[in-house]
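Student: Top line first, the protein sequences correspond to chains A and G. Residues 1 to 235, numbered by UniProt numbering, are exactly what the first sequence covers, in order. Residues 1 to 192, numbered by UniProt numbering, are exactly what the second sequence covers, in order.
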Amino acid sequence: MTDVLAYRADDGNTHANSLSPAYGSTVRRSPSQPLVAIPHTLTEVTGPSSQVLRASLDDLTKIGTGEALGERIIVTGRVLDEDGRPVPNSVVEVWQANAAGRYIHERDQHPAPLDPNFRGEGRVVTDADGRYRFLTIKPGAYPWKNHHNAWRPAHIHFSLFGPAFATRLVTQMYFPGDPLIAIDPIACAVPAAARDRMVSRFDLDVTEPEFALGYVFDIVLRGRNATPMEDKHDH
Amino acid sequence: MTIKYGATPSQTVGPFFHYALPYANGETLADAQTQGTRIEITGRVLDADGEPVPDAMIEIWQANHAGRYAHAEDSRSEFALDPHFTGFGRTATDATGTFRFTTVRPGRVPGPGNSLQAPHIAIGLFGRGLLNRLVTRLYFADAAENADDPILALVPERRRSTLLAQRLPGEAATYRLDLRLGGNDETVFFAL
Ligand SMILES: [Fe+3]
């Protein structure tokens, strides 16, 4: 009577193991007990609407009066489900280091300059086609202390809600051709076959002449199982 | 039924999310006009060694006092929506790994079949070192309804206490639930 239409289960070949020892911080921060599988209820198939989050901000370059330093880029794409359906009216939040590889964060110890004209964070709601678009600066690679001579590939952090609590996703977007991806324990924690899904592609059609290079990053959230009606026929 | 596109993999939120994701009053779900019993939720996020996790982000999602979610797929109009309650909260842990939310005690919502779930709050946990969001639930240790909750019933009995928030002594209704990523009393996390 109150059974809900569940989201599709993880295929087992998409996400990292929570314990991925090459990424040292996972060792004491990943459950040792197996996850308990639960059926989806109203709790899991509902989720916050786009109204609960803050006003949109699609230009990460503007905060001061001057121009942010670095290579101006446009990052755009569609949020889709696994069946290719657009996910409209959904919050997409992003944040990133500046062109020098430095975050606006007190715990960032990288001795690279802050840029007073770079905001470094933004958020928009997808349109009816599931599309989003940001103007930003290409982030720099930055060192971290995971192992000797460790560098994160250039990346933009993405946070997405999708339609439900069950579809929530936080991920990172990488840039094509970056040699650091193949030696990054965070990117490489993901099964090899799924890793390329986190790499954006350069697109000359998105590129604006005399202004900014264009990158496309489509994001795919979990799709739904067959409708309950189809389920009944299956049995 | 074939899948057309592979899902985008999850990645850690990293250590530097604070200027982008938490927002003013994200930990306050209830204001003076929100209907229901106001409660405080607090606890600490602890790693496998029992050390505090000072760079975690916690999100909560819950029904309102009447047991209705503010979402189109909860169409049970016999339970009123509350215009002063979205059901969503977000906060970051502080230097001691502590988090706190102000909300209302949720009503019961349906479970599988004809079951009713005990009052609960869904929790999503993110942080440096967490490649995937960890999902758990908060139940209220003082709720008699826990006895026939269909989700708690799926949790091994000896681990159920890791989901039960204990009411702290005092006037204000404050409930405490620590989230333990390992060690003794590791929190039960769910696969959705
Ligand atoms: Fe980062």
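All C-beta atoms in this analysis are idealised placements derived from N, C-alpha and C, irrespective of residue type, glycine included.
Shortest alpha-carbon distance to PRO88/A belongs to which of GLY101/A, HIS157/A and ARG131/A?
Tutor: ARG131/A
Student: Helix, strand or coil for ALA97/A? Go by DSSP, reduced to three states.
Tutor: coil
Student: To the nearest angstrom, report how far apart GLY14/G and ILE137/A are at their CA atoms.
Tutor: 20 Å
Student: Quick one: complete beta strand (DSSP E) runs, 3+ long, within the region 47-86 of chain G?
Tutor: The qualifying runs are 56-61.
Student: To the nearest angstrom, how far is it from the Cα of ILE151/G to the Cα of LEU204/A?
Tutor: 50 Å
Student: In this structure, does DSSP put VAL87/A in helix, strand or coil?
Tutor: coil
Student: How about MET198/A and VAL190/A: are their beta carbons less than 8 Å apart?
Tutor: It is a contact, given that the beta carbons lie within the stated cut-off.
Student: Starting from residue 268/A, trace the alpha helix (DSSP H) both ways and give me its first and last residue.
Tutor: No information on residue 268/A is available, as it lies outside the stretch 1 to 235 that chain A covers here.
Student: For my contact list, ALA56/G and THR28/G are in at a C-beta cut-off of 8 Å; report their separation, rounded to the angstrom.
Tutor: Incorrect: roughly 19 Å between the Cβ atoms, too far for contact.
Student: What are the boundary residues of the beta strand (DSSP E) that ALA212/A is part of?
Tutor: In this chain, ALA212/A is not harboured by any beta strand (DSSP E), its DSSP state being neither H nor E.
Student: When you measure from the CB of ARG176/G to every non-hydrogen atom of ligand 1, does any distance come out below 7 Å?
Tutor: No, the Cβ of ARG176/G stays beyond 7 Å of every heavy atom of ligand 1.
Student: What in chain A is Cβ-close to THR86/G, meaning under 7 Å?
Tutor: PRO48 and VAL52
Student: Would you mind sorting ARG147/A into buried or exposed? The rule is 16 or more other CB atoms within 10 Å of its CB.
Tutor: Correcting the residue identity first, residue 147/A is His in this sequence and not Arg. Exposed, because fewer than 16 other Cβ atoms sit within 10 Å of the Cβ of HIS147/A.
Student: Shorter than 7 Å, the distance from the beta carbon of PHE126/G to the closest heavy atom of ligand 1, or not?
Tutor: no
Student: Can you say whether HIS235/A is buried or exposed, counting buried as having 16 or more other CB atoms within 10 angstroms of its CB?
Tutor: Caution is warranted here: a pLDDT of 36 is assigned to HIS235/A, below 50, making its placement in the model unreliable, and no coordinate value can be reported.
Student: Relative to chain G, which residues along the UniProt domain "Intradiol ring-cleavage dioxygenases" (75-103) of chain A have a C-beta separation below 7 Å, given in chain order?
Tutor: Correct list: LEU80, GLU82, ASP83, GLY84, GLU93, TRP95 and TYR103.
Student: Measuring CA to CA, which of ASP218/A, LEU69/A and PHE211/A is closest to ASN117/A?
Tutor: LEU69/A
Student: Taking 7 Å as the cut-off, is the beta-carbon of ALA97/A closer than that to any non-hydrogen atom of ligand 1?
Tutor: For ALA97/A, the CB falls within less than 7 Å of some heavy atom of ligand 1.
Student: Which two residues bound the contiguous alpha helix (DSSP H) that contains ARG194/A?
Tutor: The amino acid at residue 194/A is misidentified as Arg; the sequence shows Ala. Per DSSP, ALA194/A belongs to the alpha helix (DSSP H) from 192-195.
Student: Residues of chain C with a CB under 8 Å from the CB of ARG28/A: which are they?
Tutor: Within the model displayed, chain C is absent; protein chains A and G are what it includes.
Student: Distance, Cα to Cα, GLY36/G vs THR96/G?
Tutor: 30 Å
Student: So that I know if they touch, is there some Cβ in chain G lying closer than 8 Å to that of ALA194/A?
Tutor: yes
Student: Does any heavy atom of ligand 1 sit closer than 7 Å to the C-beta of ARG152/A?
Tutor: It does: the Cβ of ARG152/A is within 7 Å (strictly closer) of some heavy atom of ligand 1.
Student: In chain order, what residues of the same chain have a beta carbon less than 8 Å from the beta carbon of THR86/G, not counting five sequence neighbours either side?
Tutor: Cβ within range, chain order: LEU29 and ALA70.
Student: Where does VAL124/A sit, in a helix, a strand or coil, going by DSSP?
Tutor: strand
Student: Beta-carbon of VAL188/G versus every beta-carbon of chain A: anything under 8 Å?
Tutor: yes
Student: Give me the chain G residues within the contact set of ILE186/A, using Cβ-Cβ distance strictly less than 7 Å, ordered along the chain.
Tutor: GLN11 and THR12
Student: Determine the burial state of GLU67/A: buried for a count of at least 16 other Cβ atoms within 10 Å of its Cβ, exposed for fewer.
Tutor: Exposed: under 16 other Cβ atoms inside 10 Å.
Student: Taking Cβ-Cβ distances shorter than 7 Å, what residues in chain G pair up with ARG168/A?
Tutor: Residues of chain G with a Cβ closer than 7 Å to the Cβ of ARG168/A are, in chain order, GLY124 and ARG133.
Student: Measure the C-alpha to C-alpha separation of GLU40/G and TYR175/G and round it to an integer number of angstroms.
Tutor: 6 Å
Student: Give the secondary structure of SER200/A by DSSP, where H, G and I count as helix, E and B as strand, and everything else as coil.
Tutor: SER200/A falls in the coil class under three-state DSSP.
Student: Taking C-alpha atoms, which residue in ILE183/A, LEU53/A, ARG72/A and VAL45/A lies nearest to ASN225/A?
Tutor: VAL45/A
Student: Could you work out which residue in ALA191/G, LEU116/G, ARG180/G and ILE58/G is closest to ARG90/G when comparing CA atoms only?
Tutor: ILE58/G
Student: Work out the CA separation of ALA147/G and LEU154/G for me, nearest whole Å.
Tutor: 12 Å
Student: Checking contacts by CB at 8 Å: is PRO31/A closer than that to chain G?
Tutor: yes
Student: Cα-Cα, which of ASP82/G, GLU171/G, ASP74/G and THR136/G is closest to LEU181/G?
Tutor: THR136/G
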